[in-house]
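FYI, the numbering for the sequence shown is 37 to 172, going by the working numbering.
Using N, Cα and C, we set each Cβ at its ideal position, and we do this for glycine too.
Nothing here was measured: the structure is a model prediction, and the numbers come from that model.
Quick notes on the structure that follows.
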Amino acid sequence: MDKRVLLGSFAAVIVMLMFDLCILLSGKALDLPKSTPLGVIAFGSLVVTFAAMALGAVLAGRRFRWIALAIAALLTAVVMAMLVDTAQRHMDSFAGAFWQVLRYNGMSLLLTLAMAWAGALIGERLAAKRPVKLPG
């Protein structure tokens, strides 16, 4: 793996985790959750996902879109696993808890992946126009 891709990946993950840390420490809904008929959608998190993947793609250059999707999917899978674990404690079966969490968060999952793809696409285009010179 290229050092630029690794640096871009680290930058994207750090931006997303720092945002989540700010939410945790502030105790406020900085991710701007909005309840919709399709479940809760955290608009602040979508904006941060877009920005983090754009930054990662600017640093990484080409071919970051699939990595951005993998990062977003991995972080979302971790959150979904924690939600399923919490829901399972109040339900009879794992499958019931899984489908309930997926039904409530499915649209948010799809939008997160779409924002990761779009952010990486924009970042790649910005990097193509004006490449970032990394020291070393």
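Quiz item: Near I103, which residues of its chain fall below 8 angstroms by C-beta distance, leaving aside the five closest residues on each side in sequence?
Solution: V41, G44, S45, G92, A96 and A156
Practice problem: Assign I107 to one of two classes, buried (16 or more other C-beta atoms within 10 Å of its C-beta) or exposed (fewer than that). | Solution: buried
Quiz item: Do you know whose CA, among A117, A150 and F79, lies nearest A65's CA?
Solution: F79
Quiz item: Going by Cα to Cα distance, which pick from R166, M151 and P171 is closest to S81?
Solution: M151
Quiz item: Which one of A88, L145, L61 and E160 has the shortest CA to CA distance from A113?
Solution: The residue from A88, L145, L61 and E160 with its alpha-carbon nearest to that of A113 is L145.
Practice problem: Mind checking which residues open and close the alpha helix (DSSP H) that includes A65? | Solution: Taken as a continuous stretch (DSSP letters only), A65 belongs to no alpha helix (DSSP H), as it is neither H nor E.
Self-check item: Beta carbon of V51 nearer than 8 angstroms to that of A88
Solution: yes
Self-check item: Residue closest to D56, alpha-carbon to alpha-carbon, out of A48, D67 and A90
Solution: D67
Quiz item: Under three-state DSSP, which class holds S71?
Solution: strand
Quiz item: Can you tell me whether V76 is buried or exposed, with buried defined as 16 or more other CB within 10 angstroms of its CB?
Solution: By the Cβ neighbour-count rule, V76 is exposed, with fewer than 16 other Cβ atoms within 10 Å of its own.
Quiz item: Which residues in the same chain as Q124 place their Cβ atom closer than 6 angstroms to its Cβ, once the five residues preceding and following it in sequence are excluded?
Solution: F130 and A133
Self-check item: Proximity winner among I59, G63, A47 and L74, relative to G142 (alpha-carbon distances)
Solution: L74
Quiz prompt | Proximity of L149 and L119 at Cβ, strictly below 8 angstroms | solution = No. Outside cutoff.
Quiz item: Under the three-state reduction of DSSP, which class applies to V76: helix, strand or coil?
Solution: strand
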